[in-house]
Structures are given as structure tokens and as C-alpha cells.
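Here is the structure we will look at.
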Amino acid sequence: MDKIKRILVTGNMGYIGPVLTSYLRENHPGIEIHGLDLGFFGQCLTGAPVIPESRVDVQYISDVRKQSADYLKDIDAVIHLAAISNDPMGNAFEEVTTAINYEASVEMAKQAKACGVKAFVFASSCSVYGYAEGDARNEDSELNPLTAYAKSKINTEIAIKDLADENFVITSLRFPTACGMSDRLRLDLVLNDFVASAVATKKITILSDGTPWRPLIDVKDMSRAMDWGVHRTPDAGGNFLAINVGRTEWNYQVKDLAEQVKNIMPEVEIEINTDAQPDKRSYRVDFSLYEKLAPNHQPQVDLSQSISELKSGLEKIQFSDNNFRESEHMRLKVLSRLRETGLLSENLEWTNR
Ligand SMILES: NC(=O)c1ccc[n+]([C@@H]2O[C@H](COP(=O)([O-])OP(=O)(O)OC[C@H]3O[C@@H](n4cnc5c(N)ncnc54)[C@H](O)[C@@H]3O)[C@@H](O)[C@H]2O)c1
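Put into C-alpha cells, the structure is as follows:
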């Protein structure tokens, strides 16, 4: 692969984008970074000393549904994060989820190829396997996307696969649940919710019996994987590769996540709902292909580091909101409020333009 000099990151103004930008800056100071985002969550900062976008070279406030080849001019690699990024939002805005996550993603990949981009990295999700007990899922396991969000991810993978060739290498990274600190922290993720609850109320309430399995990955390790994807050559996995990203030993049961938070914050009480119906969202993932193909980009941030960084990040902003599940730390709440106030249309387009 020729040297990557300029990267376009779509969806760079969300939870993962600011961490990815810092990671790329630190590890590749010579690479120019362009960002493209509609800015749904632009205002939701958590203790950031400056807006994270001050770290990119060019920032477009724009919609991936309104494609323009201008964004792709002289770009060597695209990291495509822009999406309606979880099941609750996907369920609330199903058609928009298809339009942004699937239709616009496929169009973005087509245009990127036409403009001579060399590498396309797509942020996919392990939710394409569905949730059910059983063996850990590997890349050959049966797919069972249950939600609009999961369907949008797998449909994109299928539609862009044939665009790949030795000059346009596509890497679809199937991430498990993210965790960790960011300049735009989200608390609609299981570990982040537990740490926030522990900091604000000294209590963690597990709404299931605590036995469901959840593989996790820290946002810094997601960034490491995207860096690998940008620089991947076809000899490591082929022109198109869809791959689970994580560590096999980092499949956790929900109650273990709470216990690990308590290890770091011993004053915290854990309440398990022993009467709960079994949570069907239980699944484990096999990450051995990623271990084989990306030995130098293996996840490094273990659970205790993620928890400690979340704790200190939340303490730094004197976080004490015991009603945070209603706050702007929940992405669905932010979108719903922007809709209610009329700032976003039904199709999630800004109305003030
Ligand atoms: N967080 C996770 O647990 C997780 C796990 C697996 C995969 N992913 C994927 O990683 C990517 C980034 O996740 P995140 O947690 O940072 O999500 P996020 O919701 O915090 O950020 C997504 C960003 O995309 C932008 N966006 C949405 N629609 C757009 C449009 N039409 N045009 C331009 N920008 C648009 C939003 O404004 C937002 O800044 C997503 O594709 C998500 O599906 C996330």
C-alpha cells in the first residue's frame, strides 16, 4: 500500500471520533485528518478543554446522505463511522437508519473507489450475529441481525464487498460493545453506565440476573484497530475482510463488570435483580482471526484501565447526576430532544439551514 497521507473520518464528532483523532495524531503526526459530521452531538462535551475538532485539519459539517466528491479529493483512506449508532436509536428512527447506515454508506464506498481512495474502513458491529447463548461467534458463524441497526451493518458489508480490489482495500471491523472515556462520553453503554452510577450514587443496579455475556472493547483499542484497517494490505485477509475486533478473554458476564467496578471503588454496593427474566441479549465472540492477522494491533486497554479512566474523567467534571439516564449522555435522548424542539426534521436533517 502506498503511503497514507490524508484520511477522511466520517462521524468524527461522536463518542469514538475524538479518541480516534487523538490516536491518529499521536501515532501518525504526518497524516492530515479531515472530518465530516452532521454534528448531532456536537454540544455534548465531557470536560474537554477545547473542542476535539480543533485537532483535525479540515472539518465539514455535512450530511453523508448528501454526497459530494469534493470531500474525497486527494483522500487516501476513509474511516466511515457516521451512523445512527445503536439499537434504541435505530428502533426509534428505522427508515433514517437504513438511509444513513446502509444507503449512504454504500454510496460513500462507491464514490471513494471512484475518487481513487485506497483503503475503506467500515465500523461494523458484532450485533450482526444476533444475541443468543451458544458457542462464541466467529466470522463464519451464522448471521442473525435482529434490529434495524444490525441489519444496516450487515447489508452494507454485503453491498460493498464486491467493490474491493487490490487498489481499494475494504476492512469491515465488527466491534463488540464499546467502553471507555472520551471527550464526548456516552453513558448508554453497559460499563460506562455502571461506572457513572458508581460515581454518582455509590450503587450499581443490575437489571438482569447478571449472567448475560458481553464482549467489550475500549475506544482506544477500537482506534488501534481502525489504524490497522487503514494500513492493511491484501496479504493480511484479502481485498475485502470482515473481522471481529477484540480479545477472546474479554468476553465478560455483566455481573463481572459490576464486580470489577467494585474492585476499584470498594464503597460501591451491587444490587442484582434475582427475579429478573433471563436477558436474551447474551452472546460471546471469538476474536482469534484478529489475533492472527493483527498481532501488532491487539487490544491493550484492560477492563480495570477503562474503569479507572472513566472514574477519573467523571470525577474531573464532578459528575453527580443520579438521573443521567435522562440526560444528554444518552444519544437517543439527545436526538429525541432535537426532534421535539424542531431543530431536526423527521428525517434527522437540520431545519435551521
Ligand atoms: N459505540 C459502540 O459500542 C459501537 C460498537 C460497534 C460499532 N460502532 C460503530 O462505530 C461508529 C461510531 O460510533 P459512536 O459510538 O462514535 O457513535 P456516535 O453516535 O457517538 O457518533 C456517530 C456520529 O455520526 C454522525 N452522523 C450521524 N448521521 C450522520 C449523517 N447523516 N451525516 C454525517 N454525520 C452523521 C453523528 O452526528 C455522530 O457524531 C458507528 O458507525 C457505530 O455503529 C459503535
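When we follow our numbering, the leftmost residue of the sequence shown carries the number 1421, and every step to the right adds one.
For each residue, glycine too, the CB sits at the ideal point set by N, CA and C.
Note that the coordinates shown come from a computational prediction; the quantities given were computed from them, not determined experimentally.
Exercise for review: Return the Cβ separation of L1593 and M1646 in integer angstroms, given the expectation that the two are a contact with Cβ distance under 8 Å.
Suggested key: Confirmed, about 7 Å.
field: C-alpha distance - K1571 paired with K1425, whole-angstrom precision
entry: 33 Å
Contact the segment 1662 to 1682 vs the segment 1695 to 1707: 3+ CB pairs below 8 Å:
yes
**Delimiting residues of the beta strand (DSSP E) encompassing C1479** = Checking the displayed sequence, the identity of residue 1479 turns out to be Gln instead of Cys. Note, Q1479: beta strand (DSSP E), 1478 to 1481.
### Task
With DSSP collapsed to three states, give me the class of A1524.
helix
Quick one: residues in its chain with C-beta nearer than 8 Å to the C-beta of E1679, no 5 flanking neighbours on either side, listed in chain order? Counting only Cβ-Cβ distances below 8 Å, and skipping sequence neighbours, we find I1690.
Length of the line joining the Cα atoms of W1648 and V1537: Each residue's alpha carbon lies about 16 Å from the other.
| For V1665, does the three-state DSSP call read helix, strand or coil? | coil
(request) Verify the contact flag: V1484, CB atom, against every heavy atom of ligand 1, threshold strictly below 6 Å. (result) Yes - ligand 1 has a heavy atom lying nearer than 6 Å to the Cβ of V1484.
- Thinking C-alpha only, which one of Q1720, T1771, F1513, A1696 is nearest T1631? A1696
### Message
For Y1710, list the residues DSSP reports as bridge partners.
### Response
None, per the DSSP bridge assignment.
Would DSSP call A1543 helix, strand or coil?
strand
- Message: Measuring CB atoms only, is the segment 1554 to 1573 touching the segment 1516 to 1531, in the sense that at least three cross pairs come out at less than 8 Å?
- Response: yes
Over what stretch of residues does the alpha helix (DSSP H) that includes K1623 continue unbroken?
Unbroken run through K1623 is the beta strand (DSSP E), 1623 to 1626; no alpha helix (DSSP H).
query = Contact check, M1535 vs K1486 under 8 Å by CB: the rounded distance?
reply = The sequence given here places Cys at residue 1535; Met does not occur at that position. Wrong, their Cβ atoms sit about 16 Å apart, outside the cutoff.
Q.
Please list the terminal residues of the continuous alpha helix (DSSP H) segment that includes S1442.
A. 1437 to 1447
Between D1641 and V1721, how many whole angstroms is the CB-CB distance? I'm expecting something under 8 Å. Yes, they are in contact, since the Cβ atoms of D1641 and V1721 sit about 5 Å apart, within 8 Å.
For R1751, tell me which candidate among L1677, N1664, Q1463 has the shortest Cα-Cα distance. Q1463
Reducing DSSP to helix, strand and coil, say where E1691 ends up.
strand
E1473: buried (16+ other C-beta within 10 angstroms of its C-beta) or exposed?
buried
### Message
Helix, strand or coil, according to DSSP, for R1594 in the structure here?
### Response
strand
task = Report the three-state DSSP secondary structure of L1492 (helix, strand or coil).
result = Helix at L1492.
- Query: Roughly how many whole angstroms lie between the Cα atoms of E1586 and H1717?
  - Reply: 22 Å
query = Rounded to whole angstroms, how far is the Cβ of T1621 from the Cβ of N1742, which I believe are closer than 8 Å?
reply = 5 Å
Selected residue, minimal CA-CA separation from R1745, among E1769, D1608, T1771: D1608
request  = Pair every Cβ in the segment 1553 to 1565 with every Cβ in the segment 1498 to 1508, then say whether three or more of these pairs are closer than 8 Å.
outcome  = With the cut-off at 8 Å, the segment 1553 to 1565 and the segment 1498 to 1508 do not touch.
Contact test: F1461 Cβ vs ligand 1 heavy atom, cutoff 6 Å:
yes
task: Answer with buried or exposed for V1470, where buried requires no fewer than 16 other C-beta atoms within 10 angstroms of its C-beta.
output: exposed
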